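The structure under discussion appears below in the form of structure tokens.
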Amino acid sequence: MLELYHHGSSACAAKVRFALAEKELDWTGHYVDILKGEQFDPAYLRINPKAVVPALVHDGEVIPESTVICEYLEDAFPEAPRLFPEGAVERARARLWTKAVDEELHPACSALTYALSHRHMILRNGAGSFDDFLQGAGAEGRAARELKWKWIHDGLAAPGAADKIRLYDSYLKKMETALERHPWLTGDEFSIADVALAPYLNRLAALSCDGMWRDGRLPRVEAWFARIQARPTFYPAFMEWMPDELAEQMRANGAKSWPEVKRRLEI
Numbered sequence: 001m002l003e004l005y006h007h008g009s010s011a012c013a014a015k016v017r018f019a020l021a022e023k024e025l026d027w028t029g030h031y032v033d034i035l036k037g038e039q040f041d042p043a044y045l046r047i048n049p050k051a052v053v054p055a056l057v058h059d060g061e062v063i064p065e066s067t068v069i070c071e072y073l074e075d076a077f078p079e080a081p082r083l084f085p086e087g088a089v090e091r092a093r094a095r096l097w098t099k100a101v102d103e104e105l106h107p108a109c110s111a112l113t114y115a116l117s118h119r120h121m122i123l124r125n126g127a128g129s130f131d132d133f134l135q136g137a138g139a140e141g142r143a144a145r146e147l148k149w150k151w152i153h154d155g156l157a158a159p160g161a162a163d164k165i166r167l168y169d170s171y172l173k174k175m176e177t178a179l180e181r182h183p184w185l186t187g188d189e190f191s192i193a194d195v196a197l198a199p200y201l202n203r204l205a206a207l208s209c210d211g212m213w214r215d216g217r218l219p220r221v222e223a224w225f226a227r228i229q230a231r232p233t234f235y236p237a238f239m240e241w242m243p244d245e246l247a248e249q250m251r252a253n254g255a256k257s258w259p260e261v262k263r264r265l266e267i
């Protein structure tokens with residue numbers, strides 16, 4: 001039995017839902033509302049002491065970390081449609097993309113999500129003092145929590161926020177180059193690399209920032225994302241779990257910030 005602890009706005013959780021759908025695996029969901037702090041519930045902390053989603057439980061075994069979960073699904077269910085390319089070179093390319101997501105793109109996504117949108121919801125609900133904020137950090141270190149506090153209070157004016165926008169944009173340009181000769185990131189076949197990147201473009205679209213590739217700016221990326229959205233697995237993996245109210249708040253908050261994002265990128 002596969003059980004997934006996840007949240008609608010989590011890019012990492014969306015990645016795993018996408019992988020599960022592409023591998024045609026049945027699973028039971030446990031929704032953890034990270035915007036309400038449910039990830040700090042003692043019962044969930046026993047599953048994932050880091051207080052983050054997603055976490056997969058397979059027949060009682062806990063598998064954390066979205067990339068590790070996707071690799072686990074490939075190993076545990078080899079009879080299901082494969083996500084990793086067969087060729088050694090293509091598999092290496094795929095791993096380079098998933099490594100880049102974990103090390104650079106995901107932190108940038110977190111910064112933009114808080115700076116453009118989540119900050120408004122948190123401030124509206126009352127962020128309290130920094131000490132209160134720090135106590136709910138789970139395994140997150142003080143430095144990381146201080147940075148997130150600045151994103152919440154200062155938005156795009158927070159130190160380093162503009163750098164995160166430019167980093168995000170640099171990966172879109174790397175995708176544009178990778179897609180010059182093939183329809184998918186590692187070659188002619190859809191792979192785990194496409195699964196890994198899809199949530200991060202979907203996040204920009206959800207934040208009204210799809211102008212970073214639309215209108216001829218990055219035409220191959222635009223065509224790639226259209227192919228992603230056309231897959232029958234896209235809606236159940238991404239849209240079905242996103243609460244309507246949260247989706248509208250993210251869209252509206254992102255739209256307010258888009259002019260500043262454009263200015264920073266000189267679009």
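In full-length UniProt numbering, the protein residues as written are 1 to 267.
Just so you know, even glycine gets a beta-carbon here, dropped at the ideal spot from N, CA and C.
Since the structure is predicted, the reported quantities are computational estimates derived from the model, not experimental observations.
#1: Might you give, ordered along the chain, the residues of its own chain that have their beta carbon closer than 7 Å to the beta carbon of Phe130, omitting 5 neighbours on each side?
#2: Taking contact to mean 3 or more Cβ pairs, one atom from each stretch, closer than 8 Å, check whether the region 19 to 26 and the region 74 to 81 are in contact.
#3: Counting pairs of beta carbons, one from the region 206 to 218 and one from the region 180 to 192, are three or more of them closer than 8 Å?
#4: What does DSSP give as the partner residue(s) for Pro4 in the beta ladder?
#5: What's the call for Arg17, buried or exposed, on a 16-neighbour Cβ count within 10 Å?
#6: Roughly how many whole angstroms lie between the Cα atoms of residue 294 and Glu240?
#7: From what residue to what residue does the beta strand (DSSP E) around Glu61 run?
#8: Taking C-beta to C-beta, are Lys99 and Ser66 nearer than 8 Å?
#9: Measure the alpha-carbon distance for residue 268 versus Glu266 and round it to whole angstroms.
#10: Pick out whichever of Ile63, Val261, Leu218 and Ala198 has its Cα sitting closest to the Cα of Leu2.
#11: Tell me the DSSP secondary structure of Trp151 in three-state form.
#12: Does the separation of the CB atoms of Pro42 and His6 fall below 8 Å?
#13: Quick check on Tyr235: buried or exposed, where buried means 16 or more other Cβ atoms within 10 Å of its Cβ?
On the basis of the data shown:
#1: Translated into positions along the sequence shown, residue 130 becomes position 130. Confidence in Phe130 is poor, its pLDDT being 41 and thus under 50, which makes the residue's placement too unreliable to answer from.
#2: With the rule of 3 Cβ pairs closer than 8 Å, the region 19 to 26 counts as touching the region 74 to 81.
#3: Judged by Cβ distances under 8 Å, the region 206 to 218 makes no contact with the region 180 to 192, as fewer than three pairs qualify.
#4: Along the sequence shown, read from residue 1 onward, the residue named residue 4 stands at position 4. For clarity, residue 4 is Leu in the given sequence; the question names Pro instead. The beta-bridge partner set that DSSP reports for Leu4 consists of Gly29 and Leu56.
#5: For the purposes of this step, residue 17 is taken as the residue at position 17 of the sequence shown. Answer is buried; the Cβ neighbour count reaches 16.
#6: Within the shown structure, residues of the chain are numbered from 1 to 267, placing residue 294 beyond reach of any answer.
#7: Numbered from its first residue, the sequence shown carries residue 61 at position 61. Glu61 to Pro64 is the extent of the beta strand (DSSP E) around Glu61.
#8: Your numbering for residue 99 matches position 99 in the sequence shown. Your numbering for residue 66 matches position 66 in the sequence shown. The answer is no: Cβ separation not under 8 Å.
#9: The question about residue 268 has no answer, for the chain in this structure spans 1 to 267.
#10: The count along the sequence shown starts at 1 and reaches residue 2 at position 2. It is Ile63 whose Cα lies nearest to the Cα of Leu2.
#11: The residue you call residue 151 lines up with position 151 of the sequence shown. Note: Trp151 maps to helix in three-state DSSP.
#12: One-based indexing of the sequence shown puts residue 42 at position 42. One-based indexing of the sequence shown puts residue 6 at position 6. Their beta carbons are not under 8 Å apart, which means Pro42 does not touch His6 by this criterion.
#13: The residue given as residue 235 occupies position 235 in the sequence shown. So Tyr235 ends up on the exposed side.
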